[in-house]
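Chains A and B, in that order, are what the protein sequence lines are.
Using my numbering, the letters of the first sequence map in sequence onto residues 570 to 872.
Using my numbering, the letters of the second sequence map in sequence onto residues 45 to 410.
Just so you know, even glycine gets a beta-carbon here, dropped at the ideal spot from N, CA and C.
Since the structure comes first, as structure tokens, the remarks are kept for the end.
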Amino acid sequence: MSAAAHPSGRPSDAVPGLGRRIGSLRSERRWALWTAYISLIIAAIVMLAPPLYMLLTSMKTSAEVADLSGNPWMVHAPTWENYAAIIGNPMFRGFFYNSIILTVCVVAITMVISVFAAFALARMKFFGSQVLATGVFLTYLVPDTLLFIPLYQIVGGLGLLNSIWGLVLVYPTLTVPFCTWIMIGYFASIPKELDEAALIDGANWMQMLTKIFIPVALPGIIAATIFAFTVSWAAFVYPTAFITRPDEMPLTIGVVSQLIRGDTFAWGQLMAGALIAALPPVIVYAFLMDYYIAGLTAGATKG
Amino acid sequence: MAQVSLRKIVKEYEGGVQAVKGIDLDIADHEFVVLVGPSGCGKSTTLRMIAGLEEISSGEIDIGGAVVNDVPPRDRDIAMVFQNYALYPHMSVYDNMAFGLMLRKFDKAEIRRRVENAAKILDIGMLLDRKPKALSGGQRQRVAMGRAIVRDPKVFLFDEPLSNLDAKLRVQMRTEIKKVHQTVRTTTIYVTHDQVEAMTLADRVVVMNHGVIEQVGPPQELYHHPRTRFVAGFIGSPAMNFIPARLEARGDNLVLLLPLGTELAVPEHRAERYRTHVGKQVTFGIRPEHLTDTQHISKQHVALLTLTPEVIEPMGMETLAHIKLEGTEICARLDPMVEAAPGVPLALAADMNNMHLIDDATGLVI
Chain A
570 MSAAAHPSGR PSDAVPGLGR RIGSLRSERR WALWTAYISL IIAAIVMLAP
620 PLYMLLTSMK TSAEVADLSG NPWMVHAPTW ENYAAIIGNP MFRGFFYNSI
670 ILTVCVVAIT MVISVFAAFA LARMKFFGSQ VLATGVFLTY LVPDTLLFIP
720 LYQIVGGLGL LNSIWGLVLV YPTLTVPFCT WIMIGYFASI PKELDEAALI
770 DGANWMQMLT KIFIPVALPG IIAATIFAFT VSWAAFVYPT AFITRPDEMP
820 LTIGVVSQLI RGDTFAWGQL MAGALIAALP PVIVYAFLMD YYIAGLTAGA
870 TKG
Chain B
45 MAQVSLRKIV KEYEGGVQAV KGIDLDIADH EFVVLVGPSG CGKSTTLRMI
95 AGLEEISSGE IDIGGAVVND VPPRDRDIAM VFQNYALYPH MSVYDNMAFG
145 LMLRKFDKAE IRRRVENAAK ILDIGMLLDR KPKALSGGQR QRVAMGRAIV
195 RDPKVFLFDE PLSNLDAKLR VQMRTEIKKV HQTVRTTTIY VTHDQVEAMT
245 LADRVVVMNH GVIEQVGPPQ ELYHHPRTRF VAGFIGSPAM NFIPARLEAR
295 GDNLVLLLPL GTELAVPEHR AERYRTHVGK QVTFGIRPEH LTDTQHISKQ
345 HVALLTLTPE VIEPMGMETL AHIKLEGTEI CARLDPMVEA APGVPLALAA
395 DMNNMHLIDD ATGLVI
């Protein structure tokens, strides 16, 4: 309908009810936006309050933490002494080093296994591949709180208790199923014609994986890597169960075991240690968030 | 370059469904053969079996004198162009075209020479550094063809390569494909559901239906001498008109008796061929261009009809009139200068020299 036909330029003049509908749409949208903003603000407060409280506590002296008279959300005499104490402590640096070794090894093992497994399950159709793919995912649903006792027996049997190499062996049971599942989804979203074209071009299965699938599925691989990194960096149950020697502890249990003595909590250092421990995942997510989202939502829409 | 032979090729899926039911086909060296048919007729499955992407249930495929049933796709020396291009998204156009040669360990100078030569043939020299996502549909299809050309294979296989393009680009790319074939002369097997593509591109057209070959022949032969009702109806646009009729004798002559009593005289020179079917129910087939206005048709062996069009479609170079003839929807092709209007009776002439008669019992053209 041209504007010339309606000199007023308001289509609602000619179409009864149109103006009201637009108005109603706008008000619906306004309500939706308000609801969204309020929900997001509440969610942000709930999510950000603990780390903020950690940051504030980490900047207080032990005396200020123990003083219950003031507002706990205020820091009267900010100090970096907790951070200095943590960073200057060779044991803490050892925890950090253990966590890095552990995470790098687990991520490497996980990615090698899950990329190969996912490629085979998504593309090399063989007898039972569907059942196997579902089975892989089902193993992810078994919680580590249920597995740590039998795994303790296995790790103990292998003589790997009190060693980060025991954890390197055990963590992939948490990471491989989910990463394989993510990769199966990603590989399945790659058009079938691409591997057929590669086959005709002369590629064997290995070349197809390394030269076509891995580069094309890079966002998925990065998403899986981030997942493996997060799980491995933050795992708590297994190291608590398998490690008691401080020099073999990763950060998650090291901080807790060394800074809580009986009922004495070194709150300032605990919070500083936890925040330093949280830094690597935050950095990784900040840089690779887009890939992570692209990887997890692959195949959700036809693209 | 090579010839391709299919001998008693069968493709049977789990559950006993046969997609291809024992077809035989010989394709000569340098030939451009188009497999055409409706969805599910087995044409793509046949092509994929030739490529080695589908296993053959039984029969033999021979490329260049060697049976390739158990040869993997990479060793069949074929190149394939897919409907959705199947370009590697992370590689540049150059790398896409060079990939097959790199895997075959060609030296870099030879790869460059071949890629540049193919790029010149396809006029994509300026796109070599781009990624596929930065190309239009037509450019992507050229790159896909380039990837096939650089390999200099024995056989090119095209699987509905133009289906993703818009109508205008499709016509343009059709011409490009024909030009490329005239330049490189590689044996080509091309699958399409579009009979216009089949007619314009092919040296020979293979019409398939329900997993069998209905007819093989040059486009003109299929058009003018279809062997079955399916081919007669599938080839040609608008499709051939089919009108139920009974063949009757009137003395020495034969006539077609239409459902409501109209009689159309069969030309004498065809009477002998049709005489065995006198008294039988048949289908009278006539193409729209042979049912036209009375000014533009030779007067010999024509049946004159006055019919009332229901819909008139002016196409520019011709006008199509949709008419009901004794209960059957038919289409007539008129000269664009003829004044025709819906609901206004129109004098039409059916050129009985170009009639077809189909045996209803067998579906074969008599």
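Residue-level contact by beta carbon holds for A/Val-785 and chain B, with a gap shorter than 8 angstroms. Counting C-beta pairs closer than 8 angstroms gives three or more between the region 689-701 of chain A and the region 754-767 of chain A, which meets the contact rule. The bridge partners DSSP lists for B/Thr-336 are B/Ala-393. DSSP, reduced to helix, strand and coil, places B/Ile-100 outside both helices and strands of the structure shown, so it counts as coil. Excluding the 5 residues flanking it on each side, B/Glu-258 has same chain C-beta neighbours closer than 6 angstroms at Val-251, Thr-272, Phe-274, Val-275, in chain order.
Sixteen is the threshold: since fewer than 16 other Cβ atoms of the shown chains lie within 10 Å of the Cβ of A/Phe-695, the residue is exposed.
For B/Leu-97, the neighbours in chain A by C-beta distance under 9 angstroms run, in chain order, Glu-765, Leu-768, Ile-769.
The Cβ-Cβ distance between A/Gln-827 and A/Asn-651 does not fall below 8 angstroms.
Put simply, the backbone Cα of B/Met-359 is about 40 angstroms away from that of B/Val-137.
Here the alpha carbon of B/Glu-98 sits roughly 38 angstroms from the alpha carbon of B/Arg-331. A/His-645 sits exposed, since fewer than 16 C-beta atoms from the chains shown fall within 10 Å of its C-beta. Residues of the region 72-106 of chain B that bring their beta carbon within less than 9 angstroms of a beta carbon in chain A comprise Arg-92, Ala-95, Gly-96, Leu-97, in sequence order.
For B/Ala-315, no CB of chain A lies under 8 angstroms from its own CB, so it is not counted at the interface with that chain.
Comparing alpha-carbon positions, the option among A/Pro-741, A/Pro-788, A/Ile-822, A/Thr-626 lying closest to A/Phe-798 turns out to be A/Pro-741. For the pair A/Val-634 and A/Trp-836, the CB atoms are nearer than the 8 angstroms cut-off. B/Pro-205 is positioned such that its CB atom lies closer than 8 angstroms to that of B/Gln-127. In the same chain as B/Val-299, and ignoring 5 residues on each side of it, the C-beta atoms closer than 7 angstroms to its own belong to Glu-292, Glu-307, Leu-308, Ala-309, Val-310, in chain order. Using a Cβ-Cβ cut-off of 8 angstroms, B/Asn-398 does not count as an interface residue toward chain A, since no Cβ of chain A sits closer than that to its own. Shown here, B/Gln-183 sits in a helix according to DSSP, grouped into three states.
Runs of beta strand (DSSP E) with 3 or more residues, each lying fully within the region 120-198 of chain B, are found at 122-125, listed in chain order.
Residue pairing by DSSP places B/Phe-76 opposite B/Thr-232 in a beta bridge. Looking at B/Arg-157, B/Asn-140, B/Lys-198, the one whose alpha-carbon comes closest to that of B/Arg-174 is B/Asn-140. For a Cβ distance threshold of 7 angstroms, residue set Asp-770 of chain A lies close to B/Phe-143, ordered along the chain.
Using beta-carbon distances, B/Leu-147 counts as an interface residue toward chain A, with a partner under 8 angstroms. Between the beta-carbon of B/Gly-182 and that of B/Ile-168 there is about 10 angstroms, and that puts the pair past the 8 angstroms contact cut. Distance from the Cα of B/Val-199 is smallest, within the candidate group B/Val-409, B/Thr-230, B/Asp-210, for B/Thr-230.
Counting only Cβ-Cβ distances below 8 angstroms, B/Met-124 has contacts in chain A at Glu-765, Ala-766, Ile-769, in chain order.
Between B/Ala-110 and chain A, the shortest Cβ-Cβ separation is not below 8 angstroms. The Cβ-Cβ distance between B/Val-48 and B/Lys-65 does not fall below 8 angstroms.
Contact of B/His-345 with chain A is not assigned, every C-beta pair being separated by 8 angstroms or more. Counting only runs of 4 or more residues that sit fully inside the region 702-743 of chain A, the alpha helix (DSSP H) segments are 713-726, 733-739, in chain order. By the criterion of a C-beta distance shorter than 6 angstroms, A/Ser-801 is surrounded in its chain by Thr-672, Val-675, Tyr-740, once the five residues flanking it on both sides are discounted. For a Cβ distance threshold of 7 angstroms, nothing in chain B lies close to A/Pro-788: the least Cβ distance comes to about 11 angstroms.
In this structure, the beta-carbon distance from A/Val-684 to B/His-134 does not fall below 8 angstroms. With respect to chain B, the C-beta atom of A/Pro-849 has no partner C-beta closer than 8 angstroms.
Around the Cβ of B/Lys-87, a 10 Å sphere holds 16 or more other Cβ atoms; the residue is buried.
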